[in-house]
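What follows is a short report on a single structure.
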Amino acid sequence: MTEHIILLHGLWMRGFALGLLHRRMIGEGFRVHRFDYLSVASSQERILGRLQARIGELAPDPVHLVGHSLGGLLALKACLAAESLPPGRIVCLGSPLNGSAAARGFAELGRRAGEALLGHNRELLEQGLERWDGPREVGMIAGRMPLGLGAVVGHLEGEHDGTVAVAETRLPGLADHCVIETSHTGLLLSAEVAQRAAQFLRRGRFEAA
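Each residue of the sequence shown is one higher than the one before, counting from 23 in our numbering.
What follows is the structure in structure tokens.
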């Protein structure tokens, strides 16, 4: 049976940023697809509609989702809103599931500046979700290497990856959560991240390091 993965990039990125993770997940035995979208210019409704359609095209095989940062939030929203999807799990990489202090910091620059920087996903990034009650098991891989501008803009507290605080990645309803030594961008480049993502997609949990 073929198991598919759809990779989703984050804010201000495009699909090419997923190249190394793409190759590593192929090496883990999955059939991998990249979902490219305009993170600022496209409406959330359009992004979610396209993503749901892409998932449906790969049915009835299992279709997993791996989303970096904003991509993880959109993956969860897509699965919450869909009436029927093929089976699969979700792995989020450094996604601010309960809201981003860095995003709120950008918004404080002014309404127009916030909209220009965060686009139609501004509210989702600023506020996140209350909890996860969706149909899929969700695992989170967070980083704690503080390299990035988010700490300056968002006044991050506690452990963080330079953009998102570890505390911002925790959400009631997650099946599992792990933290590794990497930065926010490094989550896309880390071999350990790919290995741990594959563990969760197969078993619904992360193995002890």
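Even for Gly, the Cβ is constructed at its ideal location relative to N, Cα and C. Predicted, not measured: the structure shown is a model, and the values here were computed from it.
Contacting residues, own chain, Cβ-Cβ under 6 Å from His-86 (five flanking each side not counted):
So the qualifying residues of the chain are Ile-27, Gly-110, Arg-111 and Leu-223.
Whole-angstrom Cβ separation of Ile-163 and Leu-115, contact assumed at under 8 Å?
Confirmed, about 5 Å.
What's the C-alpha gap between Glu-50 and Gln-217?
As the crow flies, the alpha-carbon of Glu-50 is around 8 Å from that of Gln-217.
In the DSSP assignment, what are the bridge partners of Arg-56?
For Arg-56, which the question treats as bridged, DSSP gives the partners Leu-29.
Would you mind sorting Gly-32 into buried or exposed? The rule is 16 or more other CB atoms within 10 Å of its CB.
Buried, by the Cβ-count rule.
Counted within 10 angstroms of its Cβ, other Cβ atoms place Arg-53 as buried (16 or more) or exposed:
Exposed: under 16 other Cβ atoms inside 10 Å.
Out of Val-88, Ala-123, Val-186 and His-182, state which residue places its alpha-carbon closest to the alpha-carbon of Glu-159.
Per the Cα distances, Val-88.
Quick one: using the 10 Å Cβ neighbour count with 16 as the cut-off for buried, is His-90 buried or exposed?
Around the beta carbon of His-90, 16 or more other beta carbons sit within 10 angstroms, so the residue counts as buried.
Does the Cβ-Cβ distance between Met-23 and Pro-84 come in under 9 Å?
The answer is yes: Cβ separation under 9 Å.
So, with DSSP's three-state summary, where would you put Arg-187?
Note that residue 187 corresponds to Ala in the displayed sequence, not to Arg. Ala-187 sits in a strand when the DSSP states are folded into three classes.
Confirm, please, whether the CB-CB distance from Ala-123 to Leu-60 is below 9 Å.
Leu-60 places its beta carbon 9 Å or farther from that of Ala-123.
Proximity of Gly-150 and Leu-95 at Cβ, strictly below 9 Å
Yes, they are a contact pair.
Which residue comes first and which comes last in the beta strand (DSSP E) that contains His-90?
Counting along the chain, the beta strand (DSSP E) containing His-90 begins and ends at 85 to 90.
Can you tell me the Cα-Cα spacing of Val-113 and Pro-82, whole angstroms?
Between Val-113 and Pro-82, the C-alpha separation is close to 20 Å.
Nearest to Glu-152 by alpha carbon, out of Glu-190, Arg-126, Gly-184 and Ala-100?
Looking at the Cα atoms, Glu-190 is the closest of the given residues.
Could you tell me the distance, in whole angstroms, from the CA atom of Val-62 to the CA atom of Gln-74?
Cα-Cα distance, rounded: 19 Å.
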